[in-house]
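Protein chains in written order, with full-length UniProt numbering: chain A, 1 to 329; chain B, 1 to 788.
Using N, Cα and C, we set each Cβ at its ideal position, and we do this for glycine too.
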Amino acid sequence: MYFKNIFLCTFIVFISLVESAREDRPKNLEQKVQQLNDLYQNKFVVRFNGPKFKEFVKSPPRNYSVIIMFTAMASHRQCSICGHASDEFIIVANSYRYSHRLMESPLYFGIVDFDEGSDIFQMLRINTAPVFMHFPAKGKPKPLDTMDIQRVGFASEQISKWIQERTDVQIRIFRPPNYSSTLALSILFAICSSFLYVRRNNMEMIFNKNLWGIGAVLFCLTMISGQMWNHIRGPPLMHRNQQGVITYIHNSSQGQFIFETYIIIVLTIDLILVFGVVIMTDSYTKKTDSKTRKIMTVGGLALIVFLFSVILSIFKSKAHGYPYSFLIK
Amino acid sequence: MKTLLTNPAGWKSLITFAILFLAWVSGFSARLFAVIRFESIIHEFDPWFNYRATAYMVQHGFYNFLNWFDERAWYPLGRIVGGTVYPGLMLTSGAIHHVLHALNIPVHIRDICVFLAPIFSGMTAISTYFLTKELWSPGAGLFACCFIAIVPGYISRSVAGSYDNEGIAIFALQFTYYLWVKSVKTGSVFWSVLTALSYFYMVSAWGGYVFIINLIPLHVFLLLIMGRYSYRLFTSYTVFYILGLVLSMQIPFVGFQPIRTSEHMAASGVFALVMAAGAFNYIQTRITKAEFKFIFIFATLVTSGIVLLAVVGLTWAGVIAPWSGRFYSLWDTTYAKIHIPIIASVSEHQPTTWFSFFFDLHILVCVFPAGLWYCIQEYNDERLFVVLYALSAVYFAGVMVRLMLTLTPAVCILGGIAFSKIFENYLKEETPPVINNSTKLIEDKQSVKDKTPSKSSQTAAGKSKKKPPTVVSTNGDCSNGEGVGSNIRSIVTISMLLVLMMFVVHCTWVTSNAYSSPSIVLASFSSDGSRQILDDFREAYYWLSQNTDNDARIMSWWDYGYQIAGMANRTTLVDNNTWNNSHIALVGKAMSSTEPKAYEIMTSLDVDYVLVIFGGVIGYSGDDINKFLWMVRIAEGEHPKEIRESDYFTDRGEFRIDSGGSQTMLNCLMYKLSYYRFGDLKLDFRTPAGFDRTRNAVIGNQNFDLTYLEEAYTTEHWLVRIYRVKKPDEFNRPRIPVSERKIRNPGASAVSKKSARKKKGTIYGKPVVVKGKKPKSTSTYTSASGML
Numbered sequence: 001m002y003f004k005n006i007f008l009c010t011f012i013v014f015i016s017l018v019e020s021a022r023e024d025r026p027k028n029l030e031q032k033v034q035q036l037n038d039l040y041q042n043k044f045v046v047r048f049n050g051p052k053f054k055e056f057v058k059s060p061p062r063n064y065s066v067i068i069m070f071t072a073m074a075s076h077r078q079c080s081i082c083g084h085a086s087d088e089f090i091i092v093a094n095s096y097r098y099s100h101r102l103m104e105s106p107l108y109f110g111i112v113d114f115d116e117g118s119d120i121f122q123m124l125r126i127n128t129a130p131v132f133m134h135f136p137a138k139g140k141p142k143p144l145d146t147m148d149i150q151r152v153g154f155a156s157e158q159i160s161k162w163i164q165e166r167t168d169v170q171i172r173i174f175r176p177p178n179y180s181s182t183l184a185l186s187i188l189f190a191i192c193s194s195f196l197y198v199r200r201n202n203m204e205m206i207f208n209k210n211l212w213g214i215g216a217v218l219f220c221l222t223m224i225s226g227q228m229w230n231h232i233r234g235p236p237l238m239h240r241n242q243q244g245v246i247t248y249i250h251n252s253s254q255g256q257f258i259f260e261t262y263i264i265i266v267l268t269i270d271l272i273l274v275f276g277v278v279i280m281t282d283s284y285t286k287k288t289d290s291k292t293r294k295i296m297t298v299g300g301l302a303l304i305v306f307l308f309s310v311i312l313s314i315f316k317s318k319a320h321g322y323p324y325s326f327l328i329k
Numbered sequence: 001m002k003t004l005l006t007n008p009a010g011w012k013s014l015i016t017f018a019i020l021f022l023a024w025v026s027g028f029s030a031r032l033f034a035v036i037r038f039e040s041i042i043h044e045f046d047p048w049f050n051y052r053a054t055a056y057m058v059q060h061g062f063y064n065f066l067n068w069f070d071e072r073a074w075y076p077l078g079r080i081v082g083g084t085v086y087p088g089l090m091l092t093s094g095a096i097h098h099v100l101h102a103l104n105i106p107v108h109i110r111d112i113c114v115f116l117a118p119i120f121s122g123m124t125a126i127s128t129y130f131l132t133k134e135l136w137s138p139g140a141g142l143f144a145c146c147f148i149a150i151v152p153g154y155i156s157r158s159v160a161g162s163y164d165n166e167g168i169a170i171f172a173l174q175f176t177y178y179l180w181v182k183s184v185k186t187g188s189v190f191w192s193v194l195t196a197l198s199y200f201y202m203v204s205a206w207g208g209y210v211f212i213i214n215l216i217p218l219h220v221f222l223l224l225i226m227g228r229y230s231y232r233l234f235t236s237y238t239v240f241y242i243l244g245l246v247l248s249m250q251i252p253f254v255g256f257q258p259i260r261t262s263e264h265m266a267a268s269g270v271f272a273l274v275m276a277a278g279a280f281n282y283i284q285t286r287i288t289k290a291e292f293k294f295i296f297i298f299a300t301l302v303t304s305g306i307v308l309l310a311v312v313g314l315t316w317a318g319v320i321a322p323w324s325g326r327f328y329s330l331w332d333t334t335y336a337k338i339h340i341p342i343i344a345s346v347s348e349h350q351p352t353t354w355f356s357f358f359f360d361l362h363i364l365v366c367v368f369p370a371g372l373w374y375c376i377q378e379y380n381d382e383r384l385f386v387v388l389y390a391l392s393a394v395y396f397a398g399v400m401v402r403l404m405l406t407l408t409p410a411v412c413i414l415g416g417i418a419f420s421k422i423f424e425n426y427l428k429e430e431t432p433p434v435i436n437n438s439t440k441l442i443e444d445k446q447s448v449k450d451k452t453p454s455k456s457s458q459t460a461a462g463k464s465k466k467k468p469p470t471v472v473s474t475n476g477d478c479s480n481g482e483g484v485g486s487n488i489r490s491i492v493t494i495s496m497l498l499v500l501m502m503f504v505v506h507c508t509w510v511t512s513n514a515y516s517s518p519s520i521v522l523a524s525f526s527s528d529g530s531r532q533i534l535d536d537f538r539e540a541y542y543w544l545s546q547n548t549d550n551d552a553r554i555m556s557w558w559d560y561g562y563q564i565a566g567m568a569n570r571t572t573l574v575d576n577n578t579w580n581n582s583h584i585a586l587v588g589k590a591m592s593s594t595e596p597k598a599y600e601i602m603t604s605l606d607v608d609y610v611l612v613i614f615g616g617v618i619g620y621s622g623d624d625i626n627k628f629l630w631m632v633r634i635a636e637g638e639h640p641k642e643i644r645e646s647d648y649f650t651d652r653g654e655f656r657i658d659s660g661g662s663q664t665m666l667n668c669l670m671y672k673l674s675y676y677r678f679g680d681l682k683l684d685f686r687t688p689a690g691f692d693r694t695r696n697a698v699i700g701n702q703n704f705d706l707t708y709l710e711e712a713y714t715t716e717h718w719l720v721r722i723y724r725v726k727k728p729d730e731f732n733r734p735r736i737p738v739s740e741r742k743i744r745n746p747g748a749s750a751v752s753k754k755s756a757r758k759k760k761g762t763i764y765g766k767p768v769v770v771k772g773k774k775p776k777s778t779s780t781y782t783s784a785s786g787m788l
């Protein structure tokens with residue numbers, strides 16, 4: 001409390017100082033809104049620096065609230081998530097502008113960059129970036145006016161939900177359509193079709209059973225190795241604990257690491273290949289002499305047994321209390 | 001006799017029959033763990049509803065069942081049961097019950113329900129045999145049959161007592177596919193009519209019929225693209241589609257969906273395509289090539305344009321419903337997480353880790369791509385079908401754990417093909433056998449191709465450890481022959497058999513440990529290995545059925561709705577049929593608000609009792625506090641103003657129940673109902689009082705009283721706690737324990753109550769001097785009443 005009081009006092013003193021400094025050009029509400037709208041006209045987001053921030057966001061006569069992202073976009077600050085956060089924030093701001101008319105808008109979006117307004121950062125005692133804050137039309141921001149990006153993240157849907165909680169303004173998010181996947185698909189399609197066009201006299205490869213077979217088997221492998229789980233849950237590549245020991249295999253049966261699924265893919269591919277080889281040695285390679293066939297069969301069999309026991313032992317390490325193992329503990 | 005013994009065909013069918021029979025028996029007995037360990041009891045949640053519905057149907061007849069309006073569910077809305085269930089399951093067990101009773105075999109309907117899924121698993125095994133036989137060879141069929149009889153991925157849904165749609169639906173699925181393959185092969189109307197009938201049974205049994213009605217058109221479409229159009233295909237698909245469409249619309253729950261929803265549109269589109277292909281085929285015989293080319297291109301463009309426009313237009317106009325959320329979440333994998341928390345909250349709708357694949361399928365998961373490879377290498381019409389089946393099923397299984405069930409049959413078929421191929425190669429003799437003293441051995445050599453795999457699969461199915469040695473010795477004999485690498489052959493065979501033995505052992509272990517828990521009866525093992533049964537659920541439900549009014553309304557989280565209705569026969573507010581999200585959200589809101597606010601909701605919903613599951617005493621992790629965040633989330637989805645998920649976390653974003661937890665959390669109804677009087681309980685001398693074993697923490701809010709509810713019943717291990725909601729005239733007069741009761745008028749208290757009634761003339765509150773005592777009592781009393 002004590003600390004807060006001091007902060008408040010300094011704050012009031014500061015504000016009054018600013019106010020007295022600007023005494024020569026008094027601003028009423030209409031003028032201020034007009035100016036803000038002028039700033040707002042060209043872009044969807046206002047960039048505030050120190051004085052502008054004080055004028056439009058801090059000083060009292062306001063009938064609008066401001067959502068501000070505090071960020072550090074300069075490259076030497078090396079804030080990689082600031083870029084993502086800023087993209088999401090601008091999506092929200094744009095969506096707002098598309099659905100609400102400017103003049104009757106009770107809400108403005110602003111950005112304060114650390115390199116343009118470090119004094120604001122100091123004033124609000126912000127020492128991390130990005131931070132999303134809501135400055136209500138009346139009164140000071142409360143703790144809930146700072147968005148908890150640690151917990152909910154900064155996806156634009158979350159930002160709009162938070163804004164709705166704080167200001168009752170509903171913003172429907174219009175994401176600009178993501179062309180990258182479409183582009184990738186069309187490029188792939190173009191490559192395929194051009195390839196087909198070049199090979200148009202020889203369409204054998206479409207009817208190539210090996211190609212389709214490999215494709216189908218690979219698809220099965222991606223699925224059974226849990227790539228879909230990775231896609232939906234986004235687990236880390238691997239885990240490094242406090243001692244710096246890297247774990248590749250997730251300890252419990254409920255989770256997995258990306259690296260672990262790659263290990264499984266490789267093991268299973270090998271297993272299937274060898275399995276296929278063992279099957280084929282007898283029926284398909286009649287031409288080779290019996291010695292080669294023998295070696296291939298025995299080697300293949302040994303590999304099958306080995307690979308299978310490796311998979312089984314990984315499985316055992318994840319399933320606590322699983323009693324069986326094969327060759328390898 | 002002699003002819004019988006030496007006739008290979010006779011032996012062949014005898015062995016086939018024996019193996020199929022053994023597969024059925026072993027599959028049946030592997031599913032009985034739960035019955036043997038506990039008792040013949042219905043498991044889990046959904047089966048309880050199915051059981052209740054079946055019992056209703058048996059009691060009141062089929063037509064009353066179809067018209068059944070269940071006023072005991074979804075109070076005050078009720079539920080039209082007849083129009084919102086797939087009746088195939090109830091009809092099947094009702095029919096069995098009817099037949100048995102007609103034969104004067106008095107079996108209780110519960111026992112039929114309990115054993116229905118294991119019996120049908122045997123039929124699944126046999127239809128898988130027939131399907132694989134059509135696709136590849138009888139040997140592969142026997143392998144596939146034995147695999148599916150014991151594979152955990154299927155056992156998970158078909159243990160005795162798990163009386164659910166999937167138990168019979170997988171049989172219907174496999175049988176439909178068998179008949180479909182057969183009808184594509186023969187092109188006869190007979191087989192396609194049978195396919196449609198089997199499809200009808202599937203539609204009546206499970207919502208997963210959508211898989212069939214999309215997979216078969218996909219198969220037809222692929223065949224058309226590959227230029228494999230034939231009259232066989234035309235006949236089988238058109239007959240199947242028309243009959244199947246008409247039949248499937250006879251199920252009340254399905255109704256007009258087959259012509260009105262997007263899930264079914266692919267089938268009708270392919271129907272039009274097949275018609276067009278047939279027309280072009282006919283035209284082709286009548287006109288020149290150049291003309292045909294022109295007509296073909298023109299007609300294709302025009303019709304595809306018209307069809308596309310029509311579908312888009314109808315969807316836009318609302319005639320065709322767009323994809324429902326559950327299906328949509330299969331394609332856009334992040335959809336459910338954002339939009340439908342109630343779908344995302346169910347654990348079986350989560351994506352699948354590789355661990356689960358291996359857990360449910362073991363060696364088959366590594367081997368089935370080899371079978372897939374061979375099906376593509378030596379493809380024909382029907383093998384393309386199994387390729388499509390495997391590829392689509394493996395995708396769905398990757399997205400949702402629950403759909404592992406549809407993948408399992410495909411994996412068994414392909415795994416059977418791979419294994420049969422390997423044994424075919426390595427059991428084959430290069431040189432004719434020299435001497436054989438056992439008749440079985442003669443058989444093995446005479447028709448190697450079919451019999452030898454079947455023999456080894458018998459080992460897989462029969463789970464007998466005696467059998468590998470016999471096979472081994474057989475091969476040992478073979479190795480005496482002069483064939484090149486016959487030693488190696490037997491080594492390969494033996495190691496493969498070892499791997500298969502591991503598969504059998506794994507399946508049995510998984511079935512016994514993971515899938516055979518009824519989950520309404522829990523078992524715990526003490527340090528000396530003795531077993532202790534925790535029967536708290538049934539204790540609580542029995543208490544409800546005996547001690548509450550017949551029309552008492554019980555509020556609980558939706559997981560327990562079916563069980564309360566099934567076992568306690570009381571009215572519930574929400575249950576596992578999660579059709580009304582806002583009603584569930586209302587219950588979630590009541591659970592996550594403070595007591596006074598929850599009381600408002602509870603009175604508006606006429607709640608008499610509240611039931612919570614609390615696992616803190618025995619360390620049961622599936623209790624309501626662990627599910628609580630989902631209640632908050634679902635409530636927040638409907639009431640974002642009042643309930644905010646962030647309020648239930650600490651500042652650091654943790655979900656805690658100890659003193660560091662957030663105040664909203666420590667004062668919400670669910671917390672109070674779970675931990676009421678728990679702070680006084682000392683579980684053992686090592687832990688402090690109020691120590692929650694599930695979350696390993698001492699609870700934060702310990703000494704609180706309930707104003708609007710009172711504890712009605714708590715089971716032996718505190719697993720179920722039931723509270724009575726007080727009537728409005730009760731809670732503002734708190735009950736004072738007898739020891740603390742201080743009567744203001746000692747003179748009146750000297751007289752017993754009975755006689756007090758007679759003494760009508762006494763003045764109430766007549767001032768009397770209390771001897772030797774300061775009138776402290778009055779002050780406590782007034783303060784107590786002043787509180788309210």
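Span of the beta strand (DSSP E) around residue i
| i | result |
| --- | --- |
| A/F135 | 131-135 |
| B/I170 | From DSSP, B/I170 is part of no beta strand (DSSP E) but of the alpha helix (DSSP H) over 165-186. |
| B/A712 | 709-714 |
| A/T71 | 65-71 |
| A/R77 | It is not in any beta strand (DSSP E) - A/R77 carries neither H nor E in the DSSP assignment. |
| B/A523 | 522-525 |
Residue i versus residue j: straight-line alpha-carbon distance, rounded
| i | j | result |
| --- | --- | --- |
| B/Y154 | B/T132 | 17 Å |
| A/Y96 | A/I171 | 6 Å |
| B/S26 | B/C113 | 20 Å |
| B/R260 | B/N576 | 26 Å |
| A/P143 | A/H134 | 10 Å |
| B/S464 | B/L500 | Interpretation of B/S464 is limited by its pLDDT of 37, a score under 50 that renders its predicted location unreliable; the figure taken from the coordinates is listed afterwards. Answer to the nearest angstrom: the Cα atoms are 12 Å apart. |
Classification of residue i by the beta-carbon crowding that lies within 10 angstroms, buried from 16 upward
| i | result |
| --- | --- |
| B/R633 | buried |
| B/H264 | buried |
| B/S192 | buried |
Residue i - containing alpha helix (DSSP H), residue span
| i | result |
| --- | --- |
| A/L107 | Where A/L107 is concerned, there is no enclosing alpha helix (DSSP H), although the beta strand (DSSP E) it sits in stretches over 107-113. |
| B/V725 | First-last for B/V725: 720-725, but that is the beta strand (DSSP E), not the alpha helix (DSSP H). |
| B/R260 | 257-260 |
According to DSSP, residues forming a beta bridge with residue i
| i | result |
| --- | --- |
| A/Q170 | Beta-bridge pairing links A/Q170 to no other residue. |
| A/F48 | A/V112 |
Open item on the list: Against chain A, which members of the segment 383-412 of chain B pass a CB distance test of less than 8 Å?
Closed with: V387, A390, L391, V394, Y395, A397, G398, V399
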